[in-house]
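Peer 1:
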Amino acid sequence: MKVKFIPLDFDYIDKRIEGEDKAVIRIFGKTDDGKRICVIDTADPYFWVLPKHNVDIKKFSEKLSKISMQHAGRHARVIGTKIAKKSFMGAEREVIQVFVNNPKDITSVKDIVKTFKETEEKKEIDLNFVTRYIIDKKVTPLRWHHAEGKEINDLEYGDLDVDIILEASKVSQLEGKAAEEEFKPKILAFDIETTEFDIGKGEIIMVSFANEEVKKLFTWKKFKDPPKEVDFVKNEEELLERFVSFIKKQKPDVLTGYFSDGFDLPYLRTRADMHGIKLNIAWDNTNVSFIRGRVPSAEIRGLVHVDLFKFVDNILSPNLQSETISLNDVAKELVGEEKLKVDLNKLTKEMKDGKVTKDEEMRRFALYNLQDSVLTAKLFDKLWPNIVEMTRLVQEPLFDVSRSSYSHLVEYNIIHNLHRFNEIGENRPIREDIEQRRRRPKYIGAFVKEPTPGIYENVAVFDFRSFYPNVIVSFNISLPTFREEKCGDCFETPEFEYEGKKRKFYFIKKKGFIPSILNELLERRKEVKQELKKHRTPILEARDYAFKTLSNATYGYFGFFGARYYSPKSAASIAAICRHYIHKTIEDIEKAGFEVAYSDTDSIMFLLGKKSEKEALGVLENINKSLPGTMELELEKFYKRGIFVMKKTGEAGAKKKYALLSRDGTIKIRGFESVRRDKCGLAKETQDYVLKAVLDEGNADNALKHVKKVIAEVKGKKIPASKLIIRTQLTKAIEEYASIGPHVAVAKRMREKGIPIREGGLVEYIIAEGTEKLIRERARIPEELDEGEYDTEYYINNQLVPAIEGIFTVFGISSDNLKEGKKKQKSLKEF
DNA sequence: GATCCGAATATACC
DNA sequence: ACCGGTATATTCGGATC
Numbered sequence: 017m018k019v020k021f022i023p024l025d026f027d028y029i030d031k032r033i034e035g036e037d038k039a040v041i042r043i044f045g046k047t048d049d050g051k052r053i054c055v056i057d058t059a060d061p062y063f064w065v066l067p068k069h070n071v072d073i074k075k076f077s078e079k080l081s082k083i084s085m086q087h088a089g090r091h092a093r094v095i096g097t098k099i100a101k102k103s104f105m106g107a108e109r110e111v112i113q114v115f116v117n118n119p120k121d122i123t124s125v126k127d128i129v130k131t132f133k134e135t136e137e138k139k140e141i142d143l144n145f146v147t148r149y150i151i152d153k154k155v156t157p158l159r160w161h162h163a164e165g166k167e168i169n170d171l172e173y174g175d176l177d178v179d180i181i182l183e184a185s186k187v188s189q190l191e192g193k194a195a196e197e198e199f200k201p202k203i204l205a206f207d208i209e210t211t212e213f214d215i216g217k218g219e220i221i222m223v224s225f226a227n228e229e230v231k232k233l234f235t236w237k238k239f240k241d242p243p244k245e246v247d248f249v250k251n252e253e254e255l256l257e258r259f260v261s262f263i264k265k266q267k268p269d270v271l272t273g274y275f276s277d278g279f280d281l282p283y284l285r286t287r288a289d290m291h292g293i294k295l296n297i298a299w300d301n302t303n304v305s306f307i308r309g310r311v312p313s314a315e316i317r318g319l320v321h322v323d324l325f326k327f328v329d330n331i332l333s334p335n336l337q338s339e340t341i342s343l344n345d346v347a348k349e350l351v352g353e354e355k356l357k358v359d360l361n362k363l364t365k366e367m368k369d370g371k372v373t374k375d376e377e378m379r380r381f382a383l384y385n386l387q388d389s390v391l392t393a394k395l396f397d398k399l400w401p402n403i404v405e406m407t408r409l410v411q412e413p414l415f416d417v418s419r420s421s422y423s424h425l426v427e428y429n430i431i432h433n434l435h436r437f438n439e440i441g442e443n444r445p446i447r448e449d450i451e452q453r454r455r456r457p458k459y460i461g462a463f464v465k466e467p468t469p470g471i472y473e474n475v476a477v478f479d480f481r482s483f484y485p486n487v488i489v490s491f492n493i494s495l496p497t498f499r500e501e502k503c504g505d506c507f508e509t510p511e512f513e514y515e516g517k518k519r520k521f522y523f524i525k526k527k528g529f530i531p532s533i534l535n536e537l538l539e540r541r542k543e544v545k546q547e548l549k550k551h552r553t554p555i556l557e558a559r560d561y562a563f564k565t566l567s568n569a570t571y572g573y574f575g576f577f578g579a580r581y582y583s584p585k586s587a588a589s590i591a592a593i594c595r596h597y598i599h600k601t602i603e604d605i606e607k608a609g610f611e612v613a614y615s616d617t618d619s620i621m622f623l624l625g626k627k628s629e630k631e632a633l634g635v636l637e638n639i640n641k642s643l644p645g646t647m648e649l650e651l652e653k654f655y656k657r658g659i660f661v662m663k664k665t666g667e668a669g670a671k672k673k674y675a676l677l678s679r680d681g682t683i684k685i686r687g688f689e690s691v692r693r694d695k696c697g698l699a700k701e702t703q704d705y706v707l708k709a710v711l712d713e714g715n716a717d718n719a720l721k722h723v724k725k726v727i728a729e730v731k732g733k734k735i736p737a738s739k740l741i742i743r744t745q746l747t748k749a750i751e752e753y754a755s756i757g758p759h760v761a762v763a764k765r766m767r768e769k770g771i772p773i774r775e776g777g778l779v780e781y782i783i784a785e786g787t788e789k790l791i792r793e794r795a796r797i798p799e800e801l802d803e804g805e806y807d808t809e810y811y812i813n814n815q816l817v818p819a820i821e822g823i824f825t826v827f828g829i830s831s832d833n834l835k836e837g838k839k840k841q842k843s844l845k846e847f
């Protein structure tokens, strides 16, 4: 039979074939007519041996082919070898491909190979067998394929809950765009509520499900007038059984949650184990299992589990406005909908203590739980284009891509393209290497020019288009192309300081595979941008985002200790070249008669002065003529006005802090308190007002009036407490702090009161009046205080004034007091 | 005991 | 542990007078 299908999940299982312990690949997917399919296929497990020079490769190959051993209760052996001409680190050489019986045997066989004196290196020893299959068979996740073969109907490949089991004779990807035809998986979002926060410690009270068609909630806490979605069950045991049966009945392709790797599924599994219930929701009827990691991943074979929190945390969060990546904030920003508000602490405590909760409150709790599932489902739909595009780009299974950090995605993309360069992949670094790499000293990074504080008219901003990626491409930078010494015709860096010495590094001109792969990302992004000009679709936007973020992450990957192609010298070279070009460009702009106000990494802000925009664009054109390779300077925008302020300490202008007013009236604020989440709302709002007023009007008259009013309101305690809450993240466990700041002190109080707070959480507090000298001794949980019980002095002197005084100094207000520390604050209060 | 200053910490920019 | 370095500001906490 022949079917059209799309692979969603992959795994491999052991299978005895003709008396041998082989491994077969199981591809879990959907056919074009919506049936569940499991395609069975195989690939050859192998790795590469690079012999030392002067080794008789034929003899060595024969020697390798005879490896056979008993290990961990299995017969591990080499089933064949092949001599091949391949490339490693960009250099051609003769190598031996060593085929083993089963992918699990690579570990033990390579250890034997290591002891042979002929062996120089062994490579691709740590590639997952699924990755091996995807590369060698060109069967890639979330792309449409044809599969031909024999349909079977028994338990040979597990207790499979699928419509078709196909032993494939051939699996081939569809040609061109047909492979990337849209696919929308059937999803099911879920969420649980429990009596205790710690995994498995309390009981699971309720579980809810949602997708576009279905909403359902199971709970054993009965209450009057339940919403129609609610099904009451006897107890937690039945709740867990219904969790399983509901999923089995719905037959989703994807199960999605928010923080479900770290909370919902570990909780469900722990409680199910306690009741002796198997959560056999996988397509092969196996239990939910956990893969070790910093935070474990919950895996369900076939049914792909996507924890949206991980995808948001790894991939989206740097580009979100939200102050936290909680479901509430992220859904608000991306879906335009929020969580329902309930007092979770009170409710769960009541249930833990066995107290009766009012029917109305219980009803609201159920709706809250349902809404979480609904939000998660909506968020999934919103993020699906991003997840698909990233998965299709880097070609690893959806399960892995949805949990990967950028460094891993960059690496997957490299690994899946190596075959086009006949290149053998480098191994993952070993623990000792990682430890050493982590200790390496920092290298010099980007250049930031100190601005002169002031307010300026007509500010032009130029920036380099994808600066770092284009430098990598134009100078062919990467580990394999790197040379310590000058080597014939090669690119060379400017002289720069590296590990305390003046150095120059070199890169061969023969196109390296990493710069080539990166160049393809940049080229494909250009095409997408052209298409986007014609029509904007979520898919195209997601593709653009994937290309952009992955190319930007390549530079960081070079300096990342876990990278297979780790090369801090390459990273330092990129930074040095970028510094050289930004300096040169600043000079060029200055030589053309402009005053450069500020520059950070890849952007330059300068004043038009008496010159025209046209003249500025002429300079841009000239600069571009002189830039090498694919490098390009672009006009970001012409701004009407801009402001730079002084640092709080010392005389210098503050870097990474400015505000620009566009011609259309919008304001771009960078670095100021108003964009920092650890400042109270009052300080942020007031500063925002002041910045807008001074930029709009070019003077500080109205801003000053406003500030006087606000200070009077603070003194009169007319400011609501909500605007005085300070939010600070607890970045490590409470016990680990060497210095106890206000937020740590408050976190301790929270823990004493039984309010859940943990590493990574945001601590909210208000500074109360009192005689205690240390601020942390006056820091209170907002609920502890009555309205108006705040320290006006603190909010004026430590929040409000610091946020706005630098801006007023630009206009000569109270600047005479600037050097005298605290006195200046008094003078501002006089206004 | 007040004051100074560096360390610790959080967060932003690119 | 899960991409890099550059930079500012706040609060603590120990050294110093």
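Using the numbering used here, the letters of the first sequence correspond one by one to residues 17 to 847.
Glycine is no exception: its CB is placed at the ideal position from the N, C-alpha and C atoms.
Here the structure is a predicted model, which means the values were calculated and not measured.
Could you give the residue range of the beta strand (DSSP E) that holds M662?
Peer 2: 649-662
Peer 1: Is the region 241-258 in contact with the region 379-386, if contact means three or more CB pairs nearer than 8 Å?
Peer 2: yes
Peer 1: If you reduce the DSSP assignment to three classes, tell me which class F325 lands in.
Peer 2: helix
Peer 1: Secondary structure at N718, three-state DSSP: helix, strand or coil?
Peer 2: helix
Peer 1: In three-state DSSP terms, what is D17?
Peer 2: Before going further, note that residue 17 is Met rather than Asp in the sequence given. Coil, per DSSP.
Peer 1: Give the DSSP-derived three-state secondary structure of S843 in the structure shown.
Peer 2: Residue confidence is low: S843 scores 48 on pLDDT, short of 50, so the model does not pin down where it sits. Its coordinate-derived value is still stated next. Three-state DSSP puts S843 in a helix.
Peer 1: Which one or two residues does DSSP pair with K518 in a beta bridge?
Peer 2: When DSSP reads this structure, K518 sits in a beta bridge with E513.
Peer 1: Can you tell me whether DSSP reads G697 as helix, strand or coil?
Peer 2: helix
Peer 1: Consult DSSP for N474 and reduce its assignment to one of helix, strand or coil.
Peer 2: strand
Peer 1: Among the residues of its own chain, which have a CB less than 6 Å from the CB of K663, if the five just before and after it don't count?
Peer 2: Leaving aside the five residues that flank K663 on each side, the residues in its chain whose CB is nearer than 6 Å to its CB run, in chain order, A670.
Peer 1: In whole angstroms, what separates the C-alpha of N296 from that of T302?
Peer 2: 5 Å
Peer 1: Identify whether I598 lies in helix, strand or coil by the three-state DSSP scheme.
Peer 2: helix
Peer 1: Inspect the CB distances between the region 510-530 and the region 481-500 and report whether three or more fall short of 8 Å.
Peer 2: yes
Peer 1: Flag this pair as yes or no: are the beta carbons of Y484 and N568 separated by less than 9 Å?
Peer 2: yes
Peer 1: Pick helix, strand or coil for L778, following the three-state DSSP scheme.
Peer 2: strand
Peer 1: Between S418, M17, Y781, G770, which has its C-alpha nearest E164's C-alpha?
Peer 2: M17
Peer 1: For a minimum of 4 consecutive residues, which ranges assigned as the alpha helix (DSSP H) are wholly contained in the region 412-499?
Peer 2: If we require 4 residues or more, the alpha helix (DSSP H) runs fully inside the region 412-499 come out as 414-417, 422-431, 447-454, 483-490.
Peer 1: For P242, which three-state DSSP category applies?
Peer 2: coil
Peer 1: Which residues in the same chain as E219 place their Cβ atom closer than 6 Å to its Cβ, once the five residues preceding and following it in sequence are excluded?
Peer 2: T211, E252
Peer 1: Candidates G578, L537, F574: which alpha carbon is nearest R559's?
Peer 2: L537
Peer 1: Where DSSP assigns a beta bridge to S305, which residues make up the other side?
Peer 2: For S305, DSSP records a beta bridge to E315.
Peer 1: Restricting to Cα atoms, I'd like to know which of I820, H87, Y581 is closest to I128.
Peer 2: Of the candidates I820, H87, Y581, the one whose C-alpha sits nearest the C-alpha of I128 is H87.
Peer 1: At the level of alpha carbons, what is the spacing between M105 and L434?
Peer 2: 11 Å
Peer 1: Looking only at its chain, what residues have a beta carbon closer than 6 Å to the beta carbon of G504, apart from the 5 residues adjacent to it on each side?
Peer 2: none
Peer 1: Could you tell me whether the region 123-140 touches the region 63-72, where touching means 3 or more Cβ pairs closer than 8 Å?
Peer 2: yes
Peer 1: Confirm the yes/no value for this check: CB of F262, any heavy atom of the ligand ADP, distance under 8 Å.
Peer 2: The ligand ADP is not among the ligands present in this structure, which contains no ligands whatsoever.
Peer 1: In whole angstroms, what separates the C-alpha of K848 from that of T565?
Peer 2: The structure shown does not extend to residue 848, since the chain is modelled only from 17 to 847, so the question has no answer here.
Peer 1: Just to confirm my understanding: we take P758, look at its own chain, exclude 5 residues before and 5 after, and list those with CB closer than 7 Å. What are they?
Peer 2: Result list for P758: Y781, I791, R792, A795, in chain order.
Peer 1: Measure the C-alpha to C-alpha separation of L391 and G352 and round it to an integer number of angstroms.
Peer 2: 10 Å
Peer 1: Who are G96's beta bridge partners in DSSP?
Peer 2: F115
Peer 1: Would you mind reading off the limits of the beta strand (DSSP E) that contains E137?
Peer 2: 135-139
Peer 1: Name the DSSP beta bridge partners of C849, please?
Peer 2: No answer is possible for residue 849: it lies beyond the span of the chain, which begins at 17 and ends at 847.
Peer 1: By alpha-carbon positions, which one of R42, I29, N117, F76 ends up nearest to G35?
Peer 2: N117
Peer 1: At what residue ranges does the region 135-204 contain a whole run of the beta strand (DSSP E), taking only runs of 3 or more?
Peer 2: With a minimum length of 3 residues, the continuous beta strand (DSSP E) runs that stay inside the region 135-204 are 135-139, 161-168, 180-189.
Peer 1: Alpha carbon to alpha carbon, how far is R692 from P334? Give it in angstroms, no decimals.
Peer 2: 14 Å
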